[in-house]
Amino acid sequence: MRKFAEAAINSRYLIWIVLSIPALEYMHELMYPSRYYPEMMQKSGELSIQILVFTLCITPLALVLRYVEWGKVVARWLLKTRRYFGVAGFAYAAIHTILYVRQVFDLELVWLEALDWPLGTGWICVLILLPLALTSNAKSIHAMGKSWKWTQRLSYVAIIAGFAHWLLLDFFIDNAMVWIVPLVIAKLVHLGFRLYSRLKTRVPKAQLT
Ligand code: HEM
């Protein structure tokens, strides 16, 4: 039973199935438009940004979890599955964009709206996420070598653009703040760990205690 549970948790197919569940609603909406368009846009946009924030919080979360006995297993699982979450975040951003383009149904208007900050920032976000998602496989990691890690850092530019898009469209800034604050805290924790480990390698242990 335990072996079965372990295999299920580590199965990438199961992770993909779970991450795809919300997509069913959007696929249905794309094929048979029936729901209220602003509601679908808000839901798909928020879901995308929430998954992306979670993905960016995984490394600091794993660093903290390492200090708890049971946390080590969770940390390892999170780090192993991180790229699936990143790709899912992009996929929901893509669905969100398709819903928009289908609603507007006028490429000239899409272009004109993209030239304004509120939607332009959305395009910046999705266009940065596209190559990151396409290169998140083992083959690309191997082929790109050191530059892969550097390129993945562009995800921070993407999330800043995504939040700018959200803040410029939403009348209430607290909706976005609920996700901006944990991300900033997580990044500060990450920075703290990196500074500490740099110090530890430079200063002999005796001087640190
Ligand atoms: C091609 C790029 C994009 C376009 C054209 C676009 C367009 C839109 C539109 C038309 C809305 C509805 C605004 C309203 O209800 O008045 C919206 C909302 C939203 N979008 Fe995007 N979007 C894009 C990319 C993204 C991306 C990449 C994300 C997230 C990573 C995102 C997150 C959101 C969020 C959170 C909302 C809800 C705002 C609210 O609460 O009113 N969008 N977007």
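In the numbering used here, the protein residues as written are 49 to 257.
Where is the CB? At the ideal position from N, CA and C, for every residue including glycine.
Just how far apart, CA to CA, sit residue i and residue j?
| i | j | result |
| --- | --- | --- |
| V205 | F52 | 40 angstroms |
| T169 | G210 | 6 angstroms |
| H213 | E94 | 11 angstroms |
| Y84 | Q151 | 11 angstroms |
| A139 | F102 | 15 angstroms |
| I65 | L243 | 38 angstroms |
| L180 | Q200 | 6 angstroms |
| A224 | A71 | 22 angstroms |
| S96 | A141 | 5 angstroms |
| V158 | Y115 | 49 angstroms |
| I172 | L178 | 10 angstroms |
| L216 | L167 | 9 angstroms |
| R133 | I143 | Per the sequence shown, the amino acid found at residue 133 is Phe instead of Arg. Distance between the alpha carbons of F133 and I143: 15 angstroms. |
| V229 | W198 | 24 angstroms |
| P108 | G240 | 10 angstroms |
| T145 | I99 | 16 angstroms |
| Y148 | S59 | 33 angstroms |
| R124 | E161 | 43 angstroms |
| V237 | V122 | 18 angstroms |
| T263 | T129 | A query on residue 263 cannot be resolved here, the shown segment of the chain reaching from 49 to 257 and no further. |
| W165 | T249 | 44 angstroms |
Should residue i go down as buried or exposed, given a rule of 16 or more other Cβ atoms within 10 Å for buried?
| i | result |
| --- | --- |
| S203 | buried |
| T257 | For T257, the predicted structure reports a pLDDT of 46, less than 50, and the residue's modelled location is therefore unreliable. The matter cannot be settled from this model. |
| L62 | exposed |
| R131 | buried |
| E77 | buried |
| W118 | exposed |
| G193 | exposed |
| I264 | The structure shown does not extend to residue 264, since the chain is modelled only from 49 through 257, so no value can be given for it. |
| G137 | buried |
| E54 | exposed |
| L104 | buried |
| R50 | exposed |
| M88 | buried |
| S92 | buried |
| A191 | exposed |
| I106 | buried |
Can you determine whether any heavy atom of the ligand HEM sits closer than 8 angstroms to the C-beta of residue i, and answer yes or no?
| i | result |
| --- | --- |
| I207 | yes |
| G134 | no |
| D154 | no |
| C173 | yes |
| A139 | no |
| I97 | yes |
| Y148 | yes |
| W159 | no |
| D222 | no |
| A181 | no |
| P86 | yes |
| W214 | yes |
| D218 | yes |
So with Cβ pairs under 9 angstroms, would you call residue i a contact of chain B?
| i | result |
| --- | --- |
| Y80 | Judged by its chain identifiers, the structure shown contains no chain B, having just a single protein chain. |
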